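Below is one structure, written out as structure tokens; the observations come after it.
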Amino acid sequence: MHFPVVVFVPALFVATFALDNGLMRTPPMGWLAWERYRCDIDCEHDPKNCISENLFIDMADRLAEDGWRELGYDYVNIDDCWSSKERDKQGRLQPDPKRFPGGIKKLARYLHDRGLKLGIYGDMGTLTCGGYPGTPLDKIEIDAQTFAEWEVDMFKYDGCYSNATEQERGYPLMSKALNATGRPIAYSCSWPAYQGGLPPKVNYTQLGQICNLWRNYGDIQDSWDSVLNIIDWFSENQDVLIPAAGPGRWNDPDMLIIGDFGLSMEQSRSQMALWAIMAAPLFMSNDLRTISSKARSILQNKMAISINQDPLGIQGKLILKEKSNIEVFLRPLSNNASALVFFSRRTDMPYRYKTSLAKLNYTTGSYKVFNVFTEETMTLKDSAEFVVSVNPSGVVMWYVSPPAKLNLHQFYNGGKLLGSAYDDDDENAIPRVFL
Ligand SMILES: *[C@@H]1O[C@H](CO)[C@@H](O)[C@H](O)[C@H]1NC(C)=O
Ligand SMILES: *[C@@H]1O[C@H](CO)[C@@H](O)[C@H](O)[C@H]1NC(C)=O
Ligand SMILES: *[C@@H]1O[C@H](CO)[C@@H](O)[C@H](O)[C@H]1NC(C)=O
Ligand SMILES: *[C@@H]1O[C@H](CO)[C@@H](O)[C@H](O)[C@H]1NC(C)=O
Ligand SMILES: *[C@@H]1O[C@H](CO)[C@@H](O)[C@H](O)[C@H]1NC(C)=O
39 MHFPVVVFVP ALFVATFALD NGLMRTPPMG WLAWERYRCD IDCEHDPKNC
89 ISENLFIDMA DRLAEDGWRE LGYDYVNIDD CWSSKERDKQ GRLQPDPKRF
139 PGGIKKLARY LHDRGLKLGI YGDMGTLTCG GYPGTPLDKI EIDAQTFAEW
189 EVDMFKYDGC YSNATEQERG YPLMSKALNA TGRPIAYSCS WPAYQGGLPP
239 KVNYTQLGQI CNLWRNYGDI QDSWDSVLNI IDWFSENQDV LIPAAGPGRW
289 NDPDMLIIGD FGLSMEQSRS QMALWAIMAA PLFMSNDLRT ISSKARSILQ
339 NKMAISINQD PLGIQGKLIL KEKSNIEVFL RPLSNNASAL VFFSRRTDMP
389 YRYKTSLAKL NYTTGSYKVF NVFTEETMTL KDSAEFVVSV NPSGVVMWYV
439 SPPAKLNLHQ FYNGGKLLGS AYDDDDENAI PRVFL
């Protein structure tokens with residue numbers, strides 16, 4: 039998953055420290071119930087899809103047996119609507135006994151036995167967003183203890199039914215309470231999403247010190263409009279968001295909806311590519327029991343995952359917005375490599391976008407380029423003009439190797455990259471993980 043190389047760390051990223059629990063040095067990956075399953079508690083009529091231990095066991099089995107876990111997808115995360123409406127006699131949260139007859143601890147054991155991890159959900163307010171018991175200030179310690187006792191590995195703390203003053207106390211307090219349990223529990227904070235996601239209301243320095251990841255913006259829905267809306271908000275505010283991210287502390291644009299109902303295959307590749315550029319957590323919310331092989335191959339694309347998981351953990355950015363409605367994104371990667379995404383916002387037909395690496399401010403040199411979704415490889419001089427054909431609402435995504443010296447033999451044809459031949463020069467070989 040990681041490039042086997044010496045890491046070059048820009049000074050800017052040495053100065054800030056993440057929450058000191060050692061977790062999530064690269065963006066977390068796994069599965070999260072919310073977007074696809076919401077608050078479906080109707081197990082009588084919808085036994086396969088209701089929020090119950092069976093659903094999480096099914097997804098755990100799929101992660102373990104269908105090649106997901108080996109690629110890094112190892113969290114199985116419960117969201118809202120898992121608990122009973124009442125706390126138990128000792129004042130502790132308890133799962134709904136009908137839907138989770140085995141209890142959460144047994145579910146955690148089931149996952150751990152398969153090399154997976156369990157995430158659970160709570161809310162800073164009096165109630166969760168779905169109307170279940172919340173974890174307000176006076177319940178923080180007891181709930182953190184309960185999660186640790188259940189051997190939970192991650193906790194998402196939502197913000198419904200709480201105000202700004204309570205959140206300012208509650209989110210840091212929960213961080214302390216989780217730490218005090220002695221169990222490493224990754225901590226996902228919805229706090230910024232409830233405060234508009236931007237300074238001065240949101241202090242990203244502080245978030246990086248108390249949380250491993252945080253939701254900055256609204257919930258994703260099963261539609262391309264929703265994905266675009268999120269991408270645009272993250273791009274518009276990238277100068278604030280990029281410095282906030284790094285190993286152990288991630289901006290979270292929300293779940294991957296690839297494999298659901300709202301996205302075409304082009305759009306699915308676009309979500310995968312841009313989530314990789316954004317160093318986003320990769321939590322799928324879909325049905326792994328019935329997912330199509332096309333959607334699966336996008337989610338299991340090793341190169342896209344490797345870019346997402348780059349150990350430097352620098353969040354990438356929108357570098358160019360063309361009048362033609364092509365947008366170019368770049369993410370710096372370890373070993374002086376980079377990822378490029380050409381993204382079409384057009385709605386007419388495939389667009390032939392012409393540029394050169396020099397125009398994208400790459401330094402002089404010869405680069406090896408690996409096309410993430412077609413697996414073509416080619417060599418490209420910085421000055422060489424090339425054309426990429428980008429489909430409507432689709433992407434072309436490249437891994438670009440570190441530059442090698444000039445005057446290597448050139449394998450592009452009339453400046454065109456698509457369909458070009460392989461090149462056997464190994465001067466700047468692509469890390470083996472991709473081949
Ligand atoms: C708790 O915090 C301390 C100091 O920040 C850190 O060294 C330790 O690993 C943390 N423990 C857990 C379980 O998160
Ligand atoms: C927030 O809620 C608390 C009650 O929990 C209340 O005392 C306080 O006045 C509220 N603050 C604001 C700013 O609304
Ligand atoms: C943000 O949080 C950091 C760390 O807790 C703190 O040092 C800094 O003063 C805060 N900034 C603002 C503007 O409140
Ligand atoms: C990255 O590039 C810089 C300057 O161009 C160079 O000093 C450094 O050694 C390179 N790092 C690696 C890991 O190749
Ligand atoms: C390239 O660098 C120039 C000069 O710093 C800058 O104006 C331009 O926006 C950059 N272009 C891209 C695509 O980053």
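39 is the number of the first residue of the sequence shown in this note's numbering; add one for each residue after it.
Even glycine gets a Cβ: it sits at the ideal position worked out from N, Cα and C.
What you are looking at is a predicted structure, and each value in this text was computed from that prediction instead of being measured.
Through-space distance from residue j to residue i, alpha-carbon basis
| i | j | result |
| --- | --- | --- |
| Ala311 | Lys340 | 12 Å |
| Thr164 | Ser200 | 7 Å |
| Leu57 | Ile158 | 19 Å |
| Lys332 | Met303 | 8 Å |
| Leu446 | Asp420 | Note on Leu446: pLDDT 38, under 50, position unreliable in the model; the coordinate value appears next. Their backbone Cα atoms lie some 12 Å apart in a straight line. |
| Arg137 | Gln353 | 39 Å |
| Gln338 | Asp176 | 42 Å |
| Asp191 | Phe380 | 36 Å |
| Asp292 | Pro66 | 12 Å |
| Glu413 | Asp348 | 19 Å |
| Met387 | Val425 | 15 Å |
| Cys198 | Gly172 | 9 Å |
| Phe55 | Leu279 | 15 Å |
| Lys143 | Ile268 | 35 Å |
| Val428 | Ile336 | 17 Å |
| Leu116 | Phe193 | Note that residue 116 is Ile in the sequence shown, not Leu. Cα to Cα, the separation comes out at about 9 Å. |
| Leu70 | Tyr111 | 11 Å |
| Thr328 | Ser213 | 37 Å |
| Asp118 | Tyr400 | 46 Å |
| Glu108 | Val265 | 27 Å |
| Leu350 | Leu371 | 7 Å |
| Leu395 | Phe367 | 13 Å |
| Ser431 | Ala318 | 20 Å |
| Gly169 | Phe411 | 42 Å |
First through last residue of the alpha helix (DSSP H) which encompasses residue i
| i | result |
| --- | --- |
| Ser331 | 331–337 |
| Phe299 | Where Phe299 is concerned, there is no enclosing alpha helix (DSSP H), given that its DSSP letter is neither H nor E. |
| Asn346 | 340–346 |
Boundaries (first-last residue) of the beta strand (DSSP E) holding residue i
| i | result |
| --- | --- |
| Ala314 | No beta strand (DSSP E) contains Ala314, which is instead part of the alpha helix (DSSP H) from 303–315. |
| Ile357 | 355–359 |
| Val366 | 364–370 |
| Leu158 | The sequence shown places Ile at residue 158, rather than the Leu named in the question. Ile158 -> beta strand (DSSP E) spans 155–161. |
| Thr148 | One point to set straight first is that residue 148 is Tyr, not Thr, in the sequence displayed. No beta strand (DSSP E) contains Tyr148, which is instead part of the alpha helix (DSSP H) from 142–151. |
| Ala377 | 376–382 |
| Leu320 | 320–322 |
| Lys392 | 389–394 |
| Asp290 | 288–290 |
Distance CB(residue i)-CB(residue j) smaller than 8 Å
| i | j | result |
| --- | --- | --- |
| Asn363 | Arg390 | no |
| Arg207 | Ala231 | no |
| Val434 | Asn409 | yes |
| Gly246 | Ala215 | no |
| Arg63 | Gly286 | yes |
| Leu145 | Glu91 | yes |
| Ile357 | Leu301 | no |
| Tyr148 | Ile223 | no |
| Tyr195 | Cys167 | no |
| Ile296 | Asp260 | no |
| Asp325 | Arg125 | no |
| Ile343 | Ala377 | no |
*3 or more residues per run - each beta strand (DSSP E) lying fully within the stretch 405–445*: 415–419, 423–428, 433–438
*In chain order, what are the residues with a CB under 5 Å from some non-hydrogen atom of ligand 3?*
Asn241, Thr243, Gln244
*Which whole runs of the beta strand (DSSP E) in the stretch 179–216 are 3 residues long or more, in chain order?*
192–196
*Which ranges would you report for the alpha helix (DSSP H) in the stretch 56–127 if only whole runs of at least 4 residues count?*
72–75, 91–103, 106–109
*asked:* So within the stretch 217–276, which uninterrupted alpha helix (DSSP H) runs reach at least 4 residues, ignoring any that extend past its ends?
replied: 229–232, 242–248, 262–274
*Which residues are close to ligand 5, meaning CB closer than 6 Å to any heavy atom, in chain order?*
Ile357, Leu358, Leu398, Asn399
*Which residues count as close to ligand 2 when the rule is a CB under 7 Å from any of its heavy atoms, in chain order?*
Asn201, Ala202, Thr203, Glu204
*Check each residue's C-beta against every heavy atom of ligand 1 and list, in chain order, those closer than 5 Å.*
Asp58, Asn59, Asn217, Pro222
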